[in-house]
Amino acid sequence: MDKNITVIGAGLAGCEAAWAAANRGAKVRLVEMKPGKYSPAHKYKGFAELVCSNSLKASRINSAAGLLKEEMRRLGSLTVPCAEENAVAAGGALAVDREKFSDSVTEKILSHPNITLVSSEQEDIPEGYCVIASGPLTDGKLADNIGELCGKRLSFFDAAAPIVTFESIDMDKAFFAARYGRGGDDYINCPFTKEEYLAFHHELINAESAPVHDFDRPENSKDDFTVYEGCMPIEVLAKRGEDAARYGAMKPVGLTDSRTGLKPYAVVQLRRENAEGTLFNLVGFQTNLRFPEQKRVFSMIPGLEKAEFMRYGVMHRNSFIDSPRLLNGDFSMRSRPEIFFAGQITGVEGYMESAASGIMAGINIVRRMEEKKPLILPRETMIGALSRYISDESVENFQPMGANMGILPDIGIRIKNKQERYQAVADRALEAFEGYFKEINEL
1 MDKNITVIGA
11 GLAGCEAAWA
21 AANRGAKVRL
31 VEMKPGKYSP
41 AHKYKGFAEL
51 VCSNSLKASR
61 INSAAGLLKE
71 EMRRLGSLTV
81 PCAEENAVAA
91 GGALAVDREK
101 FSDSVTEKIL
111 SHPNITLVSS
121 EQEDIPEGYC
131 VIASGPLTDG
141 KLADNIGELC
151 GKRLSFFDAA
161 APIVTFESID
171 MDKAFFAARY
181 GRGGDDYINC
191 PFTKEEYLAF
201 HHELINAESA
211 PVHDFDRPEN
221 SKDDFTVYEG
231 CMPIEVLAKR
241 GEDAARYGAM
251 KPVGLTDSRT
261 GLKPYAVVQL
271 RRENAEGTLF
281 NLVGFQTNLR
291 FPEQKRVFSM
301 IPGLEKAEFM
311 RYGVMHRNSF
321 IDSPRLLNGD
331 FSMRSRPEIF
341 FAGQITGVEG
351 YMESAASGIM
361 AGINIVRRME
371 EKKPLILPRE
381 TMIGALSRYI
391 SDESVENFQP
401 MGANMGILPD
411 IGIRIKNKQE
421 RYQAVADRAL
431 EAFEGYFKEI
441 NEL
(Lines of atoms letter the chains of each structure in order from A and count residues from 1; the text may use other names and numbers.)
(Lines give C-alpha, C1' and ligand atoms only; values in the text may rest on other atoms or scores of the structure.)
Protein backbone atom coordinates (compact mmCIF):
# COMPACT_ATOMS: atom_id res chain seq x y z
CA MET A 1 0.00 0.00 0.00
CA ASP A 2 1.06 3.60 -0.60
CA LYS A 3 2.05 5.23 2.68
CA ASN A 4 1.35 8.92 2.07
CA ILE A 5 1.44 11.22 5.07
CA THR A 6 1.07 14.97 5.52
CA VAL A 7 2.94 16.65 8.37
CA ILE A 8 1.91 20.22 9.17
CA GLY A 9 4.72 22.31 10.59
CA ALA A 10 8.52 22.06 10.47
CA GLY A 11 9.24 22.82 14.09
CA LEU A 12 11.03 20.29 16.27
CA ALA A 13 7.96 18.04 16.53
CA GLY A 14 7.10 18.22 12.84
CA CYS A 15 10.66 17.53 11.74
CA GLU A 16 10.94 14.54 14.07
CA ALA A 17 7.55 13.19 12.90
CA ALA A 18 8.50 13.56 9.24
CA TRP A 19 11.92 11.98 9.86
CA ALA A 20 10.53 9.02 11.80
CA ALA A 21 7.80 8.33 9.25
CA ALA A 22 10.10 8.76 6.24
CA ASN A 23 12.68 6.40 7.74
CA ARG A 24 9.92 3.79 7.93
CA GLY A 25 9.10 4.01 4.25
CA ALA A 26 6.35 6.63 4.26
CA LYS A 27 6.18 9.35 1.62
CA VAL A 28 5.91 12.56 3.62
CA ARG A 29 4.58 15.94 2.54
CA LEU A 30 6.01 18.40 5.03
CA VAL A 31 3.98 21.60 4.91
CA GLU A 32 5.72 24.67 6.34
CA MET A 33 4.51 28.26 5.97
CA LYS A 34 7.97 29.84 6.33
CA PRO A 35 9.46 31.78 4.62
CA GLY A 36 6.21 33.04 3.11
CA LYS A 37 4.74 33.73 6.56
CA TYR A 38 6.13 33.85 10.08
CA SER A 39 4.39 33.58 13.43
CA PRO A 40 4.78 36.57 15.79
CA ALA A 41 7.56 34.73 17.65
CA HIS A 42 9.54 33.20 14.77
CA LYS A 43 12.23 35.04 12.83
CA TYR A 44 14.64 32.51 11.29
CA LYS A 45 14.08 30.86 7.93
CA GLY A 46 15.22 27.40 8.99
CA PHE A 47 13.32 24.48 10.50
CA ALA A 48 13.28 23.54 14.20
CA GLU A 49 13.75 27.17 15.23
CA LEU A 50 14.37 27.65 18.94
CA VAL A 51 12.34 30.69 19.99
CA CYS A 52 13.03 31.01 23.72
CA SER A 53 16.14 29.61 25.39
CA ASN A 54 18.88 27.89 23.40
CA SER A 55 19.25 25.28 26.15
CA LEU A 56 17.90 21.75 25.78
CA LYS A 57 18.51 21.25 29.50
CA ALA A 58 20.68 18.72 31.34
CA SER A 59 22.69 16.06 29.56
CA ARG A 60 23.36 13.64 32.40
CA ILE A 61 21.30 10.46 32.32
CA ASN A 62 20.25 10.77 35.95
CA SER A 63 18.19 13.87 35.14
CA ALA A 64 14.75 14.05 33.59
CA ALA A 65 16.01 15.97 30.56
CA GLY A 66 19.03 13.74 30.06
CA LEU A 67 16.95 10.57 30.32
CA LEU A 68 14.47 11.95 27.80
CA LYS A 69 17.21 12.70 25.28
CA GLU A 70 18.73 9.24 25.72
CA GLU A 71 15.39 7.60 25.00
CA MET A 72 14.98 9.83 21.95
CA ARG A 73 18.45 8.88 20.74
CA ARG A 74 17.57 5.20 20.98
CA LEU A 75 14.43 5.84 18.92
CA GLY A 76 16.47 7.36 16.08
CA SER A 77 15.97 11.04 16.90
CA LEU A 78 16.96 13.65 14.34
CA THR A 79 17.25 16.61 16.68
CA VAL A 80 19.39 15.09 19.44
CA PRO A 81 22.44 14.38 17.25
CA CYS A 82 21.98 17.73 15.46
CA ALA A 83 22.02 19.44 18.86
CA GLU A 84 25.15 17.61 19.95
CA GLU A 85 26.90 18.56 16.72
CA ASN A 86 26.11 22.24 17.30
CA ALA A 87 26.52 22.46 21.07
CA VAL A 88 27.92 25.47 22.90
CA ALA A 89 29.46 25.42 26.37
CA ALA A 90 26.75 25.36 29.04
CA GLY A 91 28.04 23.41 32.01
CA GLY A 92 26.07 20.20 32.42
CA ALA A 93 23.39 21.31 29.97
CA LEU A 94 23.08 20.74 26.24
CA ALA A 95 22.78 24.22 24.74
CA VAL A 96 23.14 24.95 21.04
CA ASP A 97 24.00 27.62 18.54
CA ARG A 98 20.40 27.99 17.47
CA GLU A 99 21.02 29.01 13.84
CA LYS A 100 23.55 26.25 13.21
CA PHE A 101 21.24 23.75 14.88
CA SER A 102 18.34 24.87 12.70
CA ASP A 103 20.48 24.73 9.57
CA SER A 104 21.59 21.19 10.41
CA VAL A 105 18.03 19.93 10.91
CA THR A 106 16.87 21.72 7.77
CA GLU A 107 19.62 20.20 5.63
CA LYS A 108 18.86 16.68 6.78
CA ILE A 109 15.12 17.06 6.23
CA LEU A 110 15.52 18.53 2.75
CA SER A 111 17.98 15.82 1.69
CA HIS A 112 15.76 12.90 2.75
CA PRO A 113 14.44 11.12 -0.38
CA ASN A 114 11.07 10.36 1.23
CA ILE A 115 10.31 13.92 2.34
CA THR A 116 8.85 16.57 0.03
CA LEU A 117 8.68 20.14 1.30
CA VAL A 118 5.56 22.17 0.55
CA SER A 119 6.26 25.84 1.32
CA SER A 120 2.80 27.21 1.94
CA GLU A 121 0.34 27.92 4.72
CA GLN A 122 -1.96 25.02 5.57
CA GLU A 123 -5.50 26.20 6.20
CA ASP A 124 -7.55 23.03 6.42
CA ILE A 125 -7.18 19.58 7.95
CA PRO A 126 -5.82 17.37 5.14
CA GLU A 127 -7.62 14.28 3.96
CA GLY A 128 -6.01 10.99 4.88
CA TYR A 129 -3.20 10.39 7.33
CA CYS A 130 -1.63 13.49 8.83
CA VAL A 131 0.33 14.78 11.80
CA ILE A 132 -0.66 18.22 13.05
CA ALA A 133 2.49 19.78 14.51
CA SER A 134 1.66 23.38 13.73
CA GLY A 135 2.85 24.62 17.10
CA PRO A 136 1.45 26.62 20.00
CA LEU A 137 1.00 29.78 17.89
CA THR A 138 -1.29 28.19 15.32
CA ASP A 139 -3.73 30.81 14.07
CA GLY A 140 -5.99 31.74 11.17
CA LYS A 141 -8.15 29.24 9.35
CA LEU A 142 -6.05 26.27 10.48
CA ALA A 143 -6.63 27.24 14.13
CA ASP A 144 -10.35 27.57 13.43
CA ASN A 145 -10.43 24.13 11.82
CA ILE A 146 -8.50 22.59 14.69
CA GLY A 147 -10.95 24.25 17.06
CA GLU A 148 -13.86 22.68 15.20
CA LEU A 149 -12.09 19.33 15.21
CA CYS A 150 -11.15 19.42 18.89
CA GLY A 151 -13.69 21.65 20.53
CA LYS A 152 -12.39 23.50 23.57
CA ARG A 153 -8.82 24.80 23.29
CA LEU A 154 -6.70 26.05 26.15
CA SER A 155 -3.86 28.55 26.23
CA PHE A 156 -1.03 29.83 28.35
CA PHE A 157 1.75 32.33 27.79
CA ASP A 158 5.41 31.70 27.15
CA ALA A 159 8.22 34.23 27.32
CA ALA A 160 11.72 34.67 25.88
CA ALA A 161 14.74 36.12 27.71
CA PRO A 162 16.95 38.99 26.49
CA ILE A 163 20.32 38.43 24.80
CA VAL A 164 23.36 40.70 25.27
CA THR A 165 26.82 40.89 23.71
CA PHE A 166 29.76 39.49 25.65
CA GLU A 167 31.94 42.50 24.95
CA SER A 168 29.42 44.79 26.62
CA ILE A 169 29.48 42.88 29.93
CA ASP A 170 31.69 44.42 32.63
CA MET A 171 33.77 41.43 33.69
CA ASP A 172 35.32 43.48 36.49
CA LYS A 173 31.95 43.04 38.24
CA ALA A 174 30.86 39.67 36.83
CA PHE A 175 32.67 36.35 37.05
CA PHE A 176 32.74 33.01 35.25
CA ALA A 177 31.56 29.94 37.18
CA ALA A 178 29.08 27.08 37.01
CA ARG A 179 26.85 26.19 39.95
CA TYR A 180 28.65 23.79 42.34
CA GLY A 181 31.59 23.79 39.92
CA ARG A 182 29.79 21.67 37.33
CA GLY A 183 30.99 22.39 33.81
CA GLY A 184 33.84 24.75 34.61
CA ASP A 185 33.46 28.38 33.63
CA ASP A 186 30.53 28.10 31.27
CA TYR A 187 28.28 30.73 32.88
CA ILE A 188 28.79 34.42 33.53
CA ASN A 189 27.49 35.39 36.97
CA CYS A 190 26.42 38.89 37.96
CA PRO A 191 26.43 39.06 41.80
CA PHE A 192 24.23 41.35 43.90
CA THR A 193 24.72 42.75 47.36
CA LYS A 194 21.56 42.96 49.44
CA GLU A 195 21.28 46.69 48.79
CA GLU A 196 21.70 46.23 45.02
CA TYR A 197 19.13 43.46 44.97
CA LEU A 198 16.50 45.42 46.88
CA ALA A 199 16.92 48.41 44.56
CA PHE A 200 16.67 46.17 41.51
CA HIS A 201 13.62 44.36 42.90
CA HIS A 202 11.83 47.64 43.51
CA GLU A 203 12.34 48.84 39.95
CA LEU A 204 11.50 45.44 38.48
CA ILE A 205 8.11 45.12 40.13
CA ASN A 206 7.20 48.70 39.24
CA ALA A 207 8.37 48.59 35.62
CA GLU A 208 5.84 48.99 32.80
CA SER A 209 4.77 45.86 30.96
CA ALA A 210 4.23 45.71 27.22
CA PRO A 211 0.63 45.59 25.98
CA VAL A 212 -0.65 42.17 25.02
CA HIS A 213 -1.74 41.94 21.39
CA ASP A 214 -5.15 40.62 20.47
CA PHE A 215 -3.62 37.49 18.96
CA ASP A 216 -1.94 36.83 22.29
CA ARG A 217 -5.03 37.09 24.49
CA PRO A 218 -6.84 33.96 25.65
CA GLU A 219 -9.87 33.44 23.48
CA ASN A 220 -13.04 35.25 24.57
CA SER A 221 -11.16 36.99 27.38
CA LYS A 222 -10.27 40.58 28.24
CA ASP A 223 -7.49 39.40 30.55
CA ASP A 224 -3.94 39.97 29.37
CA PHE A 225 -2.72 36.43 29.91
CA THR A 226 -2.62 33.35 32.07
CA VAL A 227 0.97 32.67 33.14
CA TYR A 228 2.38 29.14 32.89
CA GLU A 229 4.47 28.33 35.96
CA GLY A 230 7.25 26.66 33.95
CA CYS A 231 8.15 29.85 32.05
CA MET A 232 7.35 32.61 34.52
CA PRO A 233 8.21 36.21 33.50
CA ILE A 234 10.78 37.50 35.95
CA GLU A 235 8.66 40.52 36.87
CA VAL A 236 5.66 38.30 37.66
CA LEU A 237 7.84 36.09 39.85
CA ALA A 238 9.30 39.13 41.62
CA LYS A 239 5.83 40.43 42.49
CA ARG A 240 5.18 37.32 44.56
CA GLY A 241 7.47 38.61 47.26
CA GLU A 242 10.77 40.28 48.01
CA ASP A 243 12.69 37.00 48.06
CA ALA A 244 10.76 35.13 45.36
CA ALA A 245 13.37 35.77 42.65
CA ARG A 246 16.19 34.86 45.07
CA TYR A 247 14.64 31.41 45.37
CA GLY A 248 14.00 31.23 41.64
CA ALA A 249 15.92 32.61 38.67
CA MET A 250 18.25 34.68 40.88
CA LYS A 251 19.12 32.03 43.46
CA PRO A 252 22.76 32.32 44.60
CA VAL A 253 23.20 28.72 45.81
CA GLY A 254 26.28 26.85 44.65
CA LEU A 255 28.12 30.00 43.59
CA THR A 256 31.03 31.85 45.16
CA ASP A 257 32.61 34.99 43.76
CA SER A 258 36.15 33.81 43.00
CA ARG A 259 37.53 37.31 43.43
CA THR A 260 36.15 37.94 46.91
CA GLY A 261 35.46 34.44 48.20
CA LEU A 262 31.99 35.62 49.17
CA LYS A 263 28.62 34.16 48.27
CA PRO A 264 26.35 36.67 46.48
CA TYR A 265 23.07 37.75 48.05
CA ALA A 266 21.48 37.10 44.65
CA VAL A 267 22.84 36.42 41.19
CA VAL A 268 21.88 36.64 37.53
CA GLN A 269 23.44 33.97 35.35
CA LEU A 270 24.16 34.41 31.65
CA ARG A 271 24.59 31.46 29.29
CA ARG A 272 26.30 31.28 25.90
CA GLU A 273 23.91 31.87 23.04
CA ASN A 274 26.26 30.91 20.20
CA ALA A 275 29.36 28.79 19.64
CA GLU A 276 31.61 31.83 19.32
CA GLY A 277 30.62 33.06 22.78
CA THR A 278 29.83 36.55 21.49
CA LEU A 279 26.23 36.46 22.71
CA PHE A 280 24.82 35.52 26.13
CA ASN A 281 21.23 35.17 27.31
CA LEU A 282 19.94 36.04 30.78
CA VAL A 283 18.98 32.69 32.27
CA GLY A 284 15.43 32.64 33.62
CA PHE A 285 14.77 36.26 32.66
CA GLN A 286 11.78 35.72 30.43
CA THR A 287 9.87 38.96 30.45
CA ASN A 288 6.99 40.99 29.10
CA LEU A 289 8.36 44.40 30.06
CA ARG A 290 8.46 47.17 27.47
CA PHE A 291 11.78 47.27 25.64
CA PRO A 292 12.90 50.62 27.14
CA GLU A 293 12.00 49.29 30.58
CA GLN A 294 14.06 46.16 29.98
CA LYS A 295 17.03 48.34 29.06
CA ARG A 296 16.56 50.54 32.11
CA VAL A 297 15.90 47.86 34.73
CA PHE A 298 18.21 45.11 33.50
CA SER A 299 21.05 47.63 33.23
CA MET A 300 20.86 47.77 37.04
CA ILE A 301 22.26 44.22 37.12
CA PRO A 302 25.91 44.44 38.25
CA GLY A 303 28.07 44.04 35.16
CA LEU A 304 25.27 44.88 32.72
CA GLU A 305 25.26 48.65 33.26
CA LYS A 306 26.42 49.17 29.66
CA ALA A 307 25.04 45.96 28.20
CA GLU A 308 24.23 45.94 24.50
CA PHE A 309 20.93 44.11 24.00
CA MET A 310 20.79 42.10 20.79
CA ARG A 311 17.28 40.86 21.58
CA TYR A 312 14.82 42.00 24.16
CA GLY A 313 12.49 39.59 25.89
CA VAL A 314 9.10 38.96 24.35
CA MET A 315 5.93 37.22 25.44
CA HIS A 316 3.51 35.29 23.27
CA ARG A 317 0.55 32.96 23.41
CA ASN A 318 0.89 29.19 23.47
CA SER A 319 -2.25 27.20 22.70
CA PHE A 320 -2.80 23.54 23.36
CA ILE A 321 -5.67 21.11 22.96
CA ASP A 322 -7.43 19.26 25.75
CA SER A 323 -5.42 16.13 24.98
CA PRO A 324 -6.73 13.83 27.77
CA ARG A 325 -10.19 14.05 26.24
CA LEU A 326 -8.96 13.88 22.64
CA LEU A 327 -5.81 11.79 22.21
CA ASN A 328 -4.67 8.21 22.65
CA GLY A 329 -1.29 7.38 24.13
CA ASP A 330 0.16 7.06 20.63
CA PHE A 331 -0.81 10.73 19.92
CA SER A 332 -3.66 9.81 17.57
CA MET A 333 -7.16 11.24 17.90
CA ARG A 334 -9.75 8.98 19.45
CA SER A 335 -12.48 10.25 17.13
CA ARG A 336 -10.32 10.45 13.99
CA PRO A 337 -7.57 7.81 14.30
CA GLU A 338 -5.91 8.83 11.04
CA ILE A 339 -5.09 12.23 12.56
CA PHE A 340 -2.16 12.58 14.96
CA PHE A 341 -0.99 15.60 16.94
CA ALA A 342 2.57 16.35 18.05
CA GLY A 343 4.46 19.10 19.84
CA GLN A 344 3.43 21.74 22.32
CA ILE A 345 -0.07 21.83 20.90
CA THR A 346 -0.58 18.47 22.68
CA GLY A 347 0.37 19.91 26.07
CA VAL A 348 3.91 18.58 26.34
CA GLU A 349 6.10 21.45 27.48
CA GLY A 350 9.66 21.96 26.29
CA TYR A 351 11.81 21.66 23.19
CA MET A 352 12.83 18.03 23.60
CA GLU A 353 9.46 16.99 24.95
CA SER A 354 7.90 18.40 21.77
CA ALA A 355 10.47 16.65 19.61
CA ALA A 356 9.90 13.36 21.45
CA SER A 357 6.16 13.56 20.82
CA GLY A 358 6.96 14.06 17.15
CA ILE A 359 9.01 10.88 17.09
CA MET A 360 6.17 8.94 18.66
CA ALA A 361 3.58 10.40 16.28
CA GLY A 362 5.79 9.67 13.27
CA ILE A 363 6.42 6.10 14.32
CA ASN A 364 2.81 5.40 15.24
CA ILE A 365 1.18 6.89 12.18
CA VAL A 366 3.13 4.43 10.03
CA ARG A 367 2.22 1.59 12.38
CA ARG A 368 -1.45 2.62 12.11
CA MET A 369 -1.20 2.47 8.31
CA GLU A 370 0.44 -0.95 8.51
CA GLU A 371 -2.24 -2.14 10.96
CA LYS A 372 0.30 -2.79 13.69
CA LYS A 373 -0.23 -2.26 17.40
CA PRO A 374 0.69 1.25 18.56
CA LEU A 375 4.10 1.78 20.09
CA ILE A 376 3.55 3.14 23.60
CA LEU A 377 6.61 2.99 25.80
CA PRO A 378 6.42 1.66 29.38
CA ARG A 379 5.31 4.11 32.04
CA GLU A 380 8.74 3.72 33.69
CA THR A 381 10.29 5.57 30.73
CA MET A 382 10.17 9.35 30.42
CA ILE A 383 8.52 9.30 27.00
CA GLY A 384 6.08 6.67 28.19
CA ALA A 385 5.16 8.76 31.21
CA LEU A 386 4.59 11.86 29.08
CA SER A 387 2.49 9.87 26.61
CA ARG A 388 0.31 8.67 29.44
CA TYR A 389 0.00 12.10 30.96
CA ILE A 390 -1.39 13.72 27.81
CA SER A 391 -3.86 10.86 27.29
CA ASP A 392 -4.98 10.31 30.89
CA GLU A 393 -8.70 11.05 31.08
CA SER A 394 -8.52 11.31 34.88
CA VAL A 395 -6.51 14.55 34.54
CA GLU A 396 -9.17 17.22 35.02
CA ASN A 397 -7.37 20.57 35.03
CA PHE A 398 -5.01 19.73 32.18
CA GLN A 399 -1.88 21.88 32.08
CA PRO A 400 1.34 21.54 30.05
CA MET A 401 3.88 19.07 31.42
CA GLY A 402 7.58 18.83 30.82
CA ALA A 403 9.90 15.94 31.58
CA ASN A 404 10.41 15.52 35.32
CA MET A 405 11.16 12.67 37.67
CA GLY A 406 7.88 13.22 39.49
CA ILE A 407 5.77 11.77 36.67
CA LEU A 408 7.61 8.43 36.84
CA PRO A 409 6.44 5.61 39.14
CA ASP A 410 8.12 5.29 42.52
CA ILE A 411 11.08 2.90 42.44
CA GLY A 412 9.91 1.20 45.62
CA ILE A 413 13.17 1.51 47.53
CA ARG A 414 14.40 4.33 49.75
CA ILE A 415 17.53 6.10 48.53
CA LYS A 416 18.34 9.27 50.43
CA ASN A 417 20.91 10.68 48.02
CA LYS A 418 18.92 12.40 45.25
CA GLN A 419 21.45 11.80 42.48
CA GLU A 420 21.74 8.12 43.40
CA ARG A 421 17.95 7.86 43.50
CA TYR A 422 17.61 9.52 40.10
CA GLN A 423 20.29 7.23 38.71
CA ALA A 424 18.30 4.23 39.88
CA VAL A 425 15.18 5.67 38.26
CA ALA A 426 17.07 6.25 35.00
CA ASP A 427 18.57 2.75 35.04
CA ARG A 428 15.10 1.29 35.53
CA ALA A 429 13.74 3.41 32.67
CA LEU A 430 16.36 2.29 30.18
CA GLU A 431 15.99 -1.31 31.27
CA ALA A 432 12.23 -1.06 30.73
CA PHE A 433 12.86 0.60 27.37
CA GLU A 434 15.10 -2.20 26.14
CA GLY A 435 12.85 -4.87 27.62
CA TYR A 436 9.84 -3.45 25.79
CA PHE A 437 11.51 -3.64 22.39
CA LYS A 438 12.81 -7.14 23.06
CA GLU A 439 9.28 -8.17 23.91
CA ILE A 440 7.85 -6.82 20.65
CA ASN A 441 10.97 -7.95 18.78
CA GLU A 442 11.75 -4.54 17.28
CA LEU A 443 14.41 -1.82 17.35
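Reminder that position 272 of the sequence shown reads as 272 in the working numbering, one-by-one numbering, no gaps. In this text, a Cβ means the ideal position worked out from N, Cα and C, and glycines have one as well. Please read all numbers here as calculations on a predicted model, not as lab measurements.
The beta carbons of Ala133 and Val7 sit about 6 Å from each other, so the pair counts as a contact at 8 Å. The Cβ atoms of Val51 and Asn274 lie no closer than 8 Å to each other. Bridge pairing for Lys27: Asn4 [DSSP]. Phe176 sits exposed, since fewer than 16 C-beta atoms from the chains shown fall within 10 Å of its C-beta. For the pair Gly261 and Pro191, the Cα-to-Cα distance works out to about 12 Å.
In the structure shown, Ala174 adopts coil according to DSSP, grouped into three states. In the same chain as Asp124, and ignoring 5 residues on each side of it, the C-beta atoms closer than 6 Å to its own belong to Asn145, in chain order.
Counting only residues of its own chain and dropping the five nearest sequence neighbours on each side, Val283 has a CB closer than 6 Å to the CB of Gln269 and Arg271. For His316, the secondary structure class from DSSP, reduced to helix, strand or coil, is strand. Every unbroken stretch of the alpha helix (DSSP H) spanning 4 or more residues and falling wholly within the stretch 306–360 is given here in chain order: 323–326. Bridge pairing for Thr165: Leu279 [DSSP]. The shortest CA-to-CA distance from Pro337 to any of Phe101, Pro113 and Val131 is the one to Val131. Cβ-Cβ separation between Lys306 and Asp170: approximately 7 Å, consistent with a contact (criterion under 8 Å). When Cβ pairs closer than 8 Å are counted between the two stretches, the stretch 404–421 is seen not to touch the stretch 348–367, the count staying below three. A distance below 8 Å between beta-carbons, with the five flanking residues on each side excluded, links Ala178 to the following residues of its chain, in chain order: Gly91, Gly92, Gly184, Asp185, Asp186 and Tyr187.
Assignment of Lys372 by DSSP, reduced to helix, strand and coil, places it in the coil class. If you draw a straight line from the Cα of Thr256 to the Cα of Ile363, it is about 47 Å long. In this structure, the CA atom of Trp19 is about 37 Å from the CA atom of Ile234. A residue is called buried once 16 or more other Cβ atoms fall within 10 Å of its Cβ, and Tyr180, having fewer, is exposed. A straight line joining the alpha-carbon of Val236 with that of Ile205 spans about 8 Å. Secondary structure of Leu289 (DSSP, three-state): strand. Look at Met232 here: in three-state DSSP terms it is coil, with no helix or strand label. If you draw a straight line from the Cα of Lys43 to the Cα of Phe331, it is about 28 Å long. Separation of the CB atoms of Val28 and Thr116 is rounded to 7 Å, and the pair is thereby assigned contact status at 8 Å. Take Met300, set aside five residues on each side of it, and the residues of its chain with a beta-carbon closer than 8 Å to its own are Glu196, Ala199, Phe200 and Glu203, in chain order. Per DSSP, Ile115 is one residue of the beta strand (DSSP E) stretching across Ile115 to Ser119. Within its own chain, no residue has a Cβ closer than 8 Å to the Cβ of Glu148 once the five positions on either side in sequence are excluded. The Cβ-Cβ distance between Ser391 and Asn328 falls below 8 Å. By the criterion of a C-beta distance shorter than 6 Å, Pro378 is surrounded in its chain by Gly384, Ala432 and Tyr436, once the five residues flanking it on both sides are discounted.
With respect to Ser319, Pro136 sits close: the two C-beta atoms are nearer than 8 Å. Look at the stretch 361–414 and you find these whole runs of alpha helix (DSSP H), each 4 residues long or longer: 382–390.
Counting the other Cβ atoms within 10 Å of the Cβ of Ile345 gives 16 or more, which makes it buried. For Glu99, DSSP assigns no beta-bridge partner whatsoever. Relative to the Cα of Leu78, the nearest Cα in the group Val96, Ser104, Ser59 and Asn54 belongs to Ser104.
For Tyr436, the uninterrupted alpha helix (DSSP H) run begins and ends at Lys418 to Ile440, by DSSP.
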